[in-house]
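**Q** Handing you a structure now.
There are 2 protein chains.
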Amino acid sequence: MSTEKLTTEIRKEQIAQVAFGLIATHGIKKLSMGRVARTIGLVPSALYRHFASKDEILDAVLDLIGDRLLENVKAVCEQSTDALERLNLLLKLHIIFIRENQGAIRVVFSEDAHADNPARRRRLYDMIQRYLAKIAEIVAQGQEQGVIRPDVEPATVSMMFLGMIQPAAILWQMSDGAFDVTKHGEKAWKLFHDAIQAKVGPCDGTHDSARRN
Amino acid sequence: MSTEKLTTEIRKEQIAQVAFGLIATHGIKKLSMGRVARTIGLVPSALYRHFASKDEILDAVLDLIGDRLLENVKAVCEQSTDALERLNLLLKLHIIFIRENQGAIRVVFSEDAHADNPARRRRLYDMIQRYLAKIAEIVAQGQEQGVIRPDVEPATVSMMFLGMIQPAAILWQMSDGAFDVTKHGEKAWKLFHDAIQAKVGPCDGTHDSARRN
DNA sequence: CTCCTTTGTGAATGCCTATTCACACTATAG
DNA sequence: CTATAGTGTGAATAGGCATTCACAAAGGAG
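Heads up: the protein sequence lines correspond to chains A and B, in order. Sequential numbering from 21 applies to the first sequence in the numbering used here. Sequential numbering from 21 applies to the second sequence in the numbering used here.
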């Protein structure tokens, strides 16, 4: 009874946010119209005043995630100009994002999100590719700066960048937080950093990040 | 009518295999008792003669996957004694496994597989950890052999090993095969190889795998 | 103030699902 | 041959789900 009436713009935003939150905490499988509605204080059918279907709500949630990823890239680019430092910062931001929104990222890589829906699959694929392209851009720029070895494809590097975090994130969630993503991120970064950095000089033996432990 | 009667041992095997195949092709979301039964030529209720629940069938499928992963490790250990070569072979086997069984691996990392079921979550976590431990073993042995740099933790390396493939596998599936996992695997391996190999001599400039392209 | 559009309600519908159960068949042990 | 345990059948149950629809309230435009 008597939930206050809000304009559809506000409601759409609210619904997407709530759906995002529910996915982050309970997983996408548990996301139902009823649950979203109840969380807001509405009745399920009310959601259809603002979204035509559950699919549309999911699309809105995915947009939220995609935007956030690109925001992270933008943030690190403003914070530093050195490519390696940018990547390191981005890694940290990504991990923070994961930790703050448990299951959220998994949705992007999850099957449910696009099981039957080919249109959404394409959208998701594009979203990930866009993120990867931004990372590759940073890498390419690092190669021009001479801080990243020139004999690797930026696309490969960006893919491995993702690989530094994503499986770890899953393990973190699987283990109920026992597995330490942050720690892993730091260790993985050292290895990754060494792998992609330009050899310093022709051969001067310098390897400042290859110190023990 | 009249599907021949088989012993429960054979049926269990058959059901697990069929369920695995269905997951690989249609994804776990589409896996239903009805579908499994129909594929075999049975009626849904017949499955309950051999498994107490759908969950038990899923467990059997996960065992299939886990076994296969460990088999891969065993195979590469028999095929070579050099740690780096073993890892390279394992990478290739893993990619083949992915290509042959599309969605199968995703299940292990997928949320559906353990959304509510904490027992299975633990089983899956253990399964992955076992696989990672085996890889870490190879790494540690490579460090003793002197072919892998000693200043990295084997656990970190094994995690990154997984990271070389898993996100790529997802992209491959998302893109309907457009994204080339095999190619990515090769390029990523070069980078990974350089990252973990022991420095050759104090400083002789040798970097045989750091050639362009 | 009144009308009409927008937003919220509650019940109903229809689909898909896992699971159960009484029954039927069949092979084999005795 | 016959009883019995093991296996397959078909119908029925029950729960969850997205979605629809006729109706109610609310609030701004005129």
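From the three backbone atoms N, C-alpha and C, an ideal C-beta is built for every residue, glycine too.
Do the segment 167-179 of chain A and the segment 111-126 of chain B meet, that is, are 3 or more Cβ pairs less than 8 Å apart?
**A** The segment 167-179 of chain A vs the segment 111-126 of chain B: no contact.
**Q** Quick one: give me the first and last residue of the alpha helix (DSSP H) that residue 92 of chain B is part of.
**A** 74-99
**Q** To the nearest angstrom, report how far apart residue 75 of chain A and residue 158 of chain A are at their CA atoms.
**A** 34 Å
**Q** Under the rule that 16 or more other beta-carbon atoms within 10 Å means buried, what is residue 232 of chain A, buried or exposed?
**A** Because the pLDDT at residue 232 of chain A is just 42, under 50, the model does not fix this residue reliably, and the point stays unresolved.
**Q** According to DSSP, which residues form a beta bridge with residue 217 of chain A?
**A** A:168
**Q** Is there contact here, the segment 188-200 of chain B with the segment 191-209 of chain A, by at least three beta-carbon pairs under 8 Å?
**A** Proximity of the segment 188-200 of chain B to the segment 191-209 of chain A falls short of the contact definition, fewer than three beta-carbon pairs being nearer than 8 Å.
**Q** Note the first and the last residue of the continuous alpha helix (DSSP H) segment covering residue 183 of chain B.
**A** 174-194
**Q** What is the rounded straight-line gap between the Cα of residue 142 of chain A and the Cα of residue 68 of chain A?
**A** For residue 142 of chain A and residue 68 of chain A, the distance between alpha carbons rounds to 25 Å.
**Q** Alpha helix (DSSP H) containing residue 104 of chain B: first to last residue?
**A** Segment 103-120, the alpha helix (DSSP H) holding residue 104 of chain B.
**Q** Could you check the C-alpha separation between residue 73 of chain B and residue 30 of chain B for me, to the nearest Å?
**A** Their Cα atoms are separated by approximately 17 Å.
**Q** Just to confirm, are residue 148 of chain A and residue 178 of chain A a CB contact at a threshold of 7 Å?
**A** no
**Q** Can you give the Cα-Cα distance for residue 102 of chain A and residue 173 of chain A, rounded to whole angstroms?
**A** 18 Å
**Q** Taking 7 Å as the threshold (beta carbon to beta carbon), is residue 139 of chain B in contact with chain A?
**A** no
**Q** Nearest by alpha-carbon distance to residue 96 of chain A: which of A:108, A:87 and A:86 is it?
**A** Closest option to residue 96 of chain A, Cα to Cα, is A:108.
**Q** Chain B partners of residue 195 of chain A, CB-CB under 7 Å?
**A** Ordered by position in chain B, the residues that pass the 7 Å Cβ test against residue 195 of chain A are 145.
**Q** Got a sec: is the Cβ-Cβ distance from residue 172 of chain B to anything in chain A below 7 Å?
**A** yes
**Q** Contact check, residue 77 of chain A vs residue 35 of chain A under 8 Å by CB: the rounded distance?
**A** So it is a contact: roughly 6 Å between Cβ atoms.
**Q** Secondary structure at residue 131 of chain B, three-state DSSP: helix, strand or coil?
**A** Looking at residue 131 of chain B - three-state DSSP - the assignment turns out to be coil, as it is neither helix nor strand.
**Q** Hey, residue 15 of chain B and residue 162 of chain B are a contact pair by Cβ (cut 8 Å); roughly how many whole angstroms apart?
**A** The first residue shown for chain B is 21 and the last is 233, placing residue 15 of chain B beyond what the model contains.
**Q** Cβ atoms of residue 131 of chain A and residue 55 of chain B: under 7 Å apart, would you say?
**A** no
**Q** Would residue 129 of chain A pass as a contact of residue 81 of chain A if the rule is Cβ separation under 7 Å?
**A** No; because the gap between Cβ atoms is not below 7 Å, this pair is not in contact.
**Q** Candidates B:218, B:65 and B:202: which alpha carbon is nearest residue 110 of chain B's?
**A** B:202
**Q** Nearest-angstrom Cα distance between residue 165 of chain B and residue 176 of chain B?
**A** 18 Å
**Q** Tell me the rounded alpha-carbon separation between residue 104 of chain A and residue 140 of chain B.
**A** Distance between the alpha carbons of residue 104 of chain A and residue 140 of chain B: 39 Å.
**Q** For the alpha helix (DSSP H) containing residue 59 of chain B, list its first residue and its last residue.
**A** Run containing residue 59 of chain B: 53-60, per the alpha helix (DSSP H) assignment.
**Q** Output needed for residue 59 of chain A: all residues of its chain with C-beta closer than 6 Å, excluding positions within five of it in sequence on either side, in chain order.
**A** 38
**Q** Restricting to Cα atoms, I'd like to know which of A:192, A:190 and A:150 is closest to residue 88 of chain A.
**A** A:150
**Q** Can you check whether the C-beta of residue 102 of chain B is within less than 7 Å of a C-beta belonging to chain A?
**A** Cβ-Cβ to chain A under 7 Å: no for residue 102 of chain B.
**Q** Give the secondary structure of residue 63 of chain B by DSSP, where H, G and I count as helix, E and B as strand, and everything else as coil.
**A** Coil at residue 63 of chain B, not helix or strand.
**Q** Alpha carbon to alpha carbon, how far is residue 28 of chain A from residue 90 of chain B?
**A** 53 Å
**Q** In the DSSP assignment, find the unbroken alpha helix (DSSP H) run with residue 42 of chain A in it and report its ends.
**A** 28-46
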